[in-house]
Amino acid sequence: MPAIINAQIIVGDKILPNHCLVFNEQIVAVATCNALPTHQLAGALDARGHYVSAGFIDIHLHGLAGLDTMHENPTSLLTMSRLLPSVGVTAFLPTTMTMPMSRIESALHNIRRAMHEAAGAAVLGAHLEGPFISPLAAGAHNISYISNLQFAKIAPFREVIKIVTFAPEALTATDFIKECRRNNIVASIGHTKASYDEARVAIEDGANLFTHLFNAMPPLHHRTPGAVGAALDSDAYCELIADNIHIHPAMQRLVVKAKGTPRIILVSDSTMACLPDGVYSLGGQDVLVENNVARLRSGALAGSTLTLNQAIKNTMLNTGFSLPEVVLLATANPARLLGIENIKGHLAPGLDADFTIFDADMNIQATYTMGRQVYRRTSHAHLCG
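Counting in the numbering used here, the sequence shown runs from 42 upward without gaps.
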């Protein structure tokens with residue numbers, strides 16, 4: 042039976058030194074190597090003291106390496122699935138942009154297909170970011186295609202969409218959030234100018250995530266706390282882009298202190314511009330990358346060139362939290378948000394054998410999905426930059 046030996050295995054908030062992971066498609070055992078029968082460890086992969094954690098789950102990813110969720114070529118998603126294990130990602134939500142509804146529907150059709158065909162990182166479904174956002178907080182989205190909030194527009198894809206980002210102040214149908222919840226879709230507040238009260242009402246109706254907290258929403262103010270204040274003053278989850286560009290390290294520390302680690306989810310928000318400096322595209326608009334910063338020609342930030350393994354490293358350096366504590370922000374927390382914590386996001390017997398092996402500098406050495414090795418480091422090449 043396959044096994045990983047001589048590993049430092051991250052389970053919950055602990056590191057188990059000199060442990061072994063035995064698996065098939067699911068995890069069979071996590072134990073000290075001397076506690077396992079010798080025949081179970083035959084032909085095992087020696088981790089050589091590296092760390093092993095549950096695979097990272099990226100719930101907000103537009104693209105990478107010249108590939109984009111909005112590409113009409115359905116093979117783009119399959120290639121993204123193949124590349125993502127090199128940065129430790131074993132499951133992700135391809136994320137859409139605000140474009141004509143026909144293009145969004147085409148992307149959702151491609152995502153539905155990729156959910157069954159992806160051979161690397163699992164395609165769990167879609168994160169619909171736009172078109173239900175505020176034109177006053179569009180960020181890198183094209184305001185020409187922003188649409189009224191109607192659940193009927195996404196109902197044909199209810200089994201595909203796992204998260205929908207929306208601006209609470211744009212709500213015209215009070216049952217939109219409740220319809221999302223009835224269909225197991227996470228309603229996420231983002232790209233909004235909502236007041237504190239408007240955001241709180243949305244949370245009370247069932248919204249339980251904030252899309253890339255701080256970005257595309259008014260800054261926190263002591264008299265008008267707005268959406269950021271509602272996020273910090275609630276049990277809702279918050280996405281963080283920990284690239285030190287979208288959010289200053291000091292603000293990252295403050296969010297962790299205010300929210301606690303169980304309600305923070307690290308995301309990449311990466312785009313096809315996860316490449317060397319140059320001109321790329323996002324939602325049909327030019328994106329200029331310079332020194333790993335992606336911006337529209339207007340100067341607005343346009344996603345990131347971040348990867349989740351780098352986000353984990355940055356968060357540890359910025360907050361002082363331990364490796365196990367920060368790994369939870371990219372594994373257990375997104376799994377719990379999506380309601381799949383009984384199959385992914387942890388290393389425990391009976392759960393899917395999705396895991397990644399990395400060194401102390403967060404360089405990925407190998408990644409497995411459903412017990413299959415889908416990446417093994419052979420060079421020092423990086424996916425981005």
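Just so it is clear, CB atoms sit at the ideal spot from N, CA and C, and this is done for glycine as well. Please read these numbers as outputs of a predicted model, since none were measured by experiment.
When you compare only the Cα positions, how much space is there between residue i and residue j?
i    : j    : result
M42  : D87  : 14 Å
E366 : N350 : 14 Å
P260 : N75  : 54 Å
H150 : Q414 : 28 Å
R241 : M292 : 22 Å
I218 : G180 : 23 Å
A422 : N404 : For A422, the predicted model reports a pLDDT of 48, less than 50, meaning its position is unreliable and no value from the coordinates is stated.
A376 : I398 : 19 Å
L105 : A160 : 17 Å
G235 : L378 : A small correction: the amino acid at residue 235 is Ala; Gly does not occupy that position in the sequence shown. Whole-angstrom Cα-Cα distance: 23 Å.
A248 : A228 : 5 Å
I286 : L347 : 10 Å
M411 : I226 : 24 Å
A48  : A271 : 41 Å
S122 : V164 : 7 Å
H60  : L125 : 26 Å
M9   : S185 : Outside the displayed range of the chain (42 to 426) lies residue 9, so it cannot be described from this structure.
M258 : A277 : 16 Å
S94  : A44  : 14 Å
D109 : L118 : 8 Å
T252 : L295 : 17 Å
H157 : L250 : 26 Å
Y416 : E66  : 16 Å
M111 : D310 : 14 Å
T131 : P115 : 19 Å
A208 : D402 : 38 Å
When we look at the beta-carbon of residue i and count the other beta-carbons within 10 Å, is it buried (16 or more) or exposed?
i    : result
D238 : exposed
T312 : buried
R304 : buried
H263 : exposed
G267 : buried
A148 : buried
A373 : buried
D216 : exposed
H289 : exposed
T265 : exposed
Y409 : buried
I152 : buried
I100 : buried
N383 : exposed
Looking only at its chain, what residues have a beta carbon closer than 6 Å to the beta carbon of residue i, apart from the 5 residues adjacent to it on each side?
i    : result
L169 : T137, I202 and V205
L273 : A299
R418 : Q406
R199 : N224
V297 : T360
R222 : G247
S275 : I244
Can you tell me which of the options puts its alpha carbon nearest to the alpha carbon of residue i?
i    : options                   : result
S345 : N374, Q49, L329 and T213  : L329
L102 : V368, L281, R154 and E220 : L281
G171 : G231, G319, A272 and N225 : G231
E331 : G325, S229, R338 and G319 : G319
A155 : A208, L337, T120 and I288 : T120
L212 : A243, Y186 and P78        : A243
V128 : D246, F97, Y186 and A193  : F97
P176 : E210, G166 and S143       : E210
F133 : G386, A407, T419 and Y278 : G386
I50  : G84, R89 and P78          : R89
P197 : A178, A208, F207 and E220 : E220
N189 : I174, R199 and A178       : I174
A162 : I145, E146, P135 and R144 : P135
L57  : Y416, T360, Y92 and L295  : Y92
T233 : A178, H157 and N383       : A178
N224 : A208, A193 and L254       : A193
G84  : G380, I46 and E245        : I46
G380 : E113, G166, A401 and N65  : G166
R144 : N256, I187, T131 and G107 : I187
For residue i, which residues of its own chain have a beta-carbon under 8 Å away from its beta-carbon, when the five flanking residues on both sides are left out?
i    : result
A389 : V52, I68 and V71
S363 : D54 and M357
L77  : A44, C61, V63 and A70
Quick one: residues in its chain with C-beta nearer than 7 Å to the C-beta of residue i, no 5 flanking neighbours on either side, listed in chain order?
i    : result
A341 : G180 and A181
L307 : L281, A283, L349, A352, I353, T356, L370 and A371
R338 : D327 and L329
G325 : M140 and N183
I195 : L169, I202 and V205
L82  : A44, I46, C61 and C74
D400 : H91 and Q406
L392 : Q67, I68, I384 and K385
F255 : V269, I288 and M292
For residue i, list the residues DSSP reports as bridge partners.
i    : result
V368 : Its beta-bridge partners do not exist; DSSP assigns none.
Q49  : Y92
C61  : A72
T408 : T397 and Y416
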